[in-house]
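One structure is given here, and the rest of the page talks about it.
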């Protein structure tokens, strides 16, 4: 029987007993981090990122991380909804599948940073800095979800796909009761990869001033990625190192508390 | 035939990618309350034929007339792993907006009880044996109260003992409920154990029809049964011989 308190290894596709560190992270570190983030977010929510970074308090990092997390979360929700919709198009017919998959392949392989300056200029024109960052994050995160969902659709047994038809389920019922649950394991894997890609591109997405022509007074969007870069460029090594610590710690905790649990939970949605 | 519930008239099927025809000129009908078995080697078109009956794919030529109230039991149960046995059976009532949730649950439990697995209502497919899963699959199909029950090799992955028990239960259900059954099997012995009529398929055609002349219950271990199977095999061999000439 699988232990109730386990660590899921995706590569090995098996569960292990959790370590003491993981138990500590669950019961001790998480409340501490959440309280810290909340205090930081409340105290520093009005801070302008464009200022002097040589002497910023460490508590600033909590708010910065929270800001980045919310930005990634919004991007993820958009990526998930659009990505699953794009993947579901292939169910319409074999012709759709034959046409769309190569199109998605090409779109995925286009480096998102090539379009970054153009996208930034477009959004800055309308003074939508956060939207620019979210847009870039969506373009980065969406493909892991699209291809995971397409892969997931292909592993649904043919007989299971026939069940809604045989029992007269409407398309929406079929989507909610059969297709989306069947996709759940693939979407968890795809989401994990999407978030990893999102964290990777976060610095680029938040440090907007790099892509703006000289003369325009455009600051970066507030987040842990932009704080990291600004701390480095302003010579605040203390803040720079603490930024890295916060990112590593937070991503580790998210992995343990969210992804490990979702990967384990997804096992019950898998077909034999 | 006096009272056909299903009629195939010169039905053909081929895929649109230009491959050879899967079904050629299929014509047959099923009388109400009959038990018919389709047998034939792998790839002969049995599953395609049953998909046409279920409306899962459309015939490319000819016409077929099938009842609306139909349900299907799949080879491996086709249960949804995220639902309990009860919830899997409840899928049969999804389209029925007029029934209350309580009535649906009651009927689903009755259906599980009919297959002797009411106590497994809250179990998930991963916790069930192959035979129990197939019972849930049959319970789901029966819950839909079909006029025509389609079974696509439902016992092919089960052990002999479970298969024998399910054979008995399926025959009881057929007799007590008065439904029409069309079942696919690759085993002539299974076809003779269960069916009133056997349709033999080969390379997309129905090449032979046999009405089983043994009384129920049929004992596959008996000498009479063995001799009967041997006589059908001889009949089929002669048929193949005459077809090749």
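Residue numbers (the working numbering), protein chains in the order written: chain A, 125 to 396; chain B, 450 to 694.
Glycine is no exception: its CB is placed at the ideal position from the N, C-alpha and C atoms.
* Listed in chain order, which residues of the region 284-299 of chain A have Cβ atoms closer than 7 Å to some Cβ of chain B? -> In summary, the residues of the region 284-299 of chain A whose CB is separated from some CB of chain B by less than 7 Å are 284, 286, 287, 289, 290, 291, 292, 293 and 297, in the order they occur in the chain.
* Asked: Going by alpha carbons, who is nearest to residue 634 of chain B out of B/626, B/643 and B/676?
  -> Counted from its first residue, the second chain places residue 634 of chain B at position 185. Comparing Cα positions, the closest option is B/643.
* To do: Mind listing the chain B neighbours of residue 394 of chain A? Cutoff is C-beta to C-beta under 7 Å, in chain order.
  => In the first chain, the residue the question calls residue 394 of chain A occupies position 270. Residues of chain B passing the Cβ test: 530.
* To do: Using a Cβ-Cβ cut-off of less than 7 Å, give me the residues of the region 521-551 of chain B that come near chain A, in sequence order.
  => Listed by position along the chain: 521, 523, 524, 525, 527, 529, 530, 531, 540, 541, 543 and 544.
* **chain A within 7 Å of residue 503 of chain B, Cβ atoms only** => Counted from its first residue, the second chain places residue 503 of chain B at position 54. Judged by the 7 Å Cβ criterion, residue 503 of chain B is in contact with chain A.
* Given residue 673 of chain B, which residues of its chain have a CB within under 8 Å of its CB, disregarding the five upstream and five downstream residues? -> Against the second chain, residue 673 of chain B aligns to sequence position 224. Excluding residues within five positions, the ones whose Cβ falls inside 8 Å are 663.
* Got a sec: is the Cβ-Cβ distance from residue 226 of chain A to anything in chain B below 7 Å? -> As a working mapping, residue 226 of chain A is identified with position 102 in the first chain. Not closer than 7 Å to any Cβ of chain B, the Cβ of residue 226 of chain A fails to qualify, so no.
* What residue does the alpha helix (DSSP H) around residue 309 of chain A start on, and which one ends it? -> Counting from 1 along the first chain, the entry for residue 309 of chain A is found at position 185. Here the alpha helix (DSSP H) through residue 309 of chain A covers 304-330.
* Residue burial classification, residue 380 of chain A (beta-carbon count within 10 angstroms, cutoff 16) -> Position 256 of the first chain holds residue 380 of chain A. Buried.
* To do: Please list the residues of the region 591-605 of chain B that have a C-beta atom closer than 7 Å to any C-beta atom in chain A, keeping them in chain order.
  => So the list reads 593, given in the order they occur along the chain.
* Examine the Cβ distances between the region 256-272 of chain A and the region 507-517 of chain B and report whether three or more of them are shorter than 8 Å. => The region 256-272 of chain A vs the region 507-517 of chain B: no contact.
* Do the CB positions of residue 591 of chain B and residue 521 of chain B come within less than 7 Å of each other? -> Residue numbering aside, residue 591 of chain B sits at position 142 when the second chain is read from its first letter. Residue numbering aside, residue 521 of chain B sits at position 72 when the second chain is read from its first letter. Result no, Cβ atoms of residue 591 of chain B and residue 521 of chain B do not sit closer than 7 Å.
* Asked: At a Cβ threshold of 7 Å, is residue 305 of chain A touching chain B?
  -> Taking the first chain and counting its residues from 1, one reaches residue 305 of chain A at position 181. The beta carbon of residue 305 of chain A sits closer than 7 Å to some beta carbon of chain B.
* Counting only the same chain and skipping the five closest in sequence on each side, list residues whose C-beta sits under 6 Å from that of residue 307 of chain A. => Working through the first chain from its first residue, we reach residue 307 of chain A at position 183. Around residue 307 of chain A: 273 and 276.
* Asked: From residue 200 of chain A to residue 530 of chain B, what distance separates their C-alpha atoms?
  -> For this step, residue 200 of chain A is matched to residue 76 along the first chain. For this step, residue 530 of chain B is matched to residue 81 along the second chain. Each residue's alpha carbon lies about 27 Å from the other.
* If you draw a straight line from the alpha carbon of residue 624 of chain B to that of residue 560 of chain B, how long is it in whole angstroms? -> Locating residue 624 of chain B in the second chain gives position 175, where the first residue counts as 1. Locating residue 560 of chain B in the second chain gives position 111, where the first residue counts as 1. As the crow flies, the alpha-carbon of residue 624 of chain B is around 16 Å from that of residue 560 of chain B.
* Asked: In terms of residues, what are the limits of the alpha helix (DSSP H) holding residue 241 of chain A?
  -> Position 117 of the first chain, counted from the first residue, corresponds to residue 241 of chain A. For residue 241 of chain A, the enclosing alpha helix (DSSP H) covers residues 240-249.
* To do: Grab the span of the beta strand (DSSP E) containing residue 511 of chain B for me, first residue to last.
  => Translated into the one-based positions of the second chain, residue 511 of chain B becomes position 62. That run of the beta strand (DSSP E) goes 510-514.
* Asked: When we look at the beta-carbon of residue 670 of chain B and count the other beta-carbons within 10 Å, is it buried (16 or more) or exposed?
  -> Mapped onto the second chain, residue 670 of chain B falls at position 221. A residue is called buried once 16 or more other Cβ atoms fall within 10 Å of its Cβ, and residue 670 of chain B, having fewer, is exposed.
* Asked: Taking only runs of the beta strand (DSSP E) that begin and end inside the region 575-656 of chain B, which ones reach a length of at least 3 residues, in chain order?
  -> Counting whole runs of 3 or more residues, the region 575-656 of chain B contains the beta strand (DSSP E) stretches 597-601, 629-634 and 646-651.
* Range of the contiguous alpha helix (DSSP H) that encloses residue 521 of chain B -> Residue mapping note: residue 521 of chain B aligns to position 72 of the second chain, counting from 1. Run containing residue 521 of chain B: none in the alpha helix (DSSP H); it sits in the beta strand (DSSP E), 519-522.
* Beta carbon of residue 335 of chain A, beta carbon of residue 241 of chain A: below 7 Å? -> Residue 335 of chain A sits at position 211 when you count from the first residue of the first chain. Residue 241 of chain A sits at position 117 when you count from the first residue of the first chain. Taking C-beta atoms as the reference points, residue 335 of chain A and residue 241 of chain A count as a pair closer than 7 Å.
* Quick one: what's residue 460 of chain B bridged to in DSSP? -> Counting from 1 along the second chain, the entry for residue 460 of chain B is found at position 11. For residue 460 of chain B, which the question treats as bridged, DSSP gives the partners B/475.
* Per DSSP, cross-strand counterpart(s) of residue 453 of chain B -> Sequence index remark: in the second chain, residue 453 of chain B carries index 4 (1-based). Partner(s): B/480.
* Asked: residue 361 of chain A: buried (16+ other C-beta within 10 angstroms of its C-beta) or exposed?
  -> Counting from one through the first chain, the residue named residue 361 of chain A turns up at place 237. Counting Cβ neighbours within 10 Å, residue 361 of chain A comes out exposed, since fewer than 16 surround it.
* To do: For residue 458 of chain B, I'd like the list of residues in its chain whose CB is within less than 6 Å of its CB, leaving aside the five on either flank, ordered along the chain.
  => Numbered from 1 along the second chain, position 9 holds the residue referred to as residue 458 of chain B. So the qualifying residues of the chain are 476, 511 and 512.
* Rounded C-alpha distance that separates residue 203 of chain A from residue 554 of chain B -> The sequence position of residue 203 of chain A within the first chain is 79, counting from 1. The sequence position of residue 554 of chain B within the second chain is 105, counting from 1. Whole-angstrom Cα-Cα distance: 38 Å.
* Decide yes or no for the touch test of the region 259-270 of chain A against the region 319-332 of chain A: beta carbon pairs closer than 8 Å, at least 3 of them. => At 8 Å Cβ cutoff, the stretches touch.
* To do: Would you mind listing the alpha helix (DSSP H) stretches within the region 195-268 of chain A that are 4+ residues and don't spill past its ends, in chain order?
  => Given a length threshold of 4 residues, each whole run of the alpha helix (DSSP H) inside the region 195-268 of chain A is given here in chain order: 218-233 and 240-249.
* Asked: Secondary structure at residue 528 of chain B, three-state DSSP: helix, strand or coil?
  -> The residue given as residue 528 of chain B occupies position 79 in the second chain. In the structure shown, residue 528 of chain B sits in coil (DSSP, three-state: anything other than H, G, I, E or B).
* Do you know how far the Cα of residue 222 of chain A is from the Cα of residue 210 of chain A? -> For this step, residue 210 of chain A is matched to residue 86 along the first chain. For this step, residue 222 of chain A is matched to residue 98 along the first chain. Rounded to the nearest angstrom, the two C-alpha atoms are 14 Å apart.
* Asked: So which of B/453, B/488 and B/690 has the shortest CA-CA distance to residue 632 of chain B?
  -> Sequence index remark: in the second chain, residue 632 of chain B carries index 183 (1-based). Of all alpha-carbon atoms in B/453, B/488 and B/690, the one lying nearest the alpha-carbon of residue 632 of chain B is that of B/488.
* Asked: Hey, out of A/183, A/269 and A/374, whose CA is closest to residue 317 of chain A's CA?
  -> Translated into the one-based positions of the first chain, residue 317 of chain A becomes position 193. It is A/269 whose Cα lies nearest to the Cα of residue 317 of chain A.
* Measure the CB-CB distance between residue 688 of chain B and residue 659 of chain B and report whether it falls below 7 Å. => Taking the second chain and counting its residues from 1, one reaches residue 688 of chain B at position 239. Taking the second chain and counting its residues from 1, one reaches residue 659 of chain B at position 210. Going by C-beta atoms, residue 688 of chain B is not nearer than 7 Å to residue 659 of chain B.
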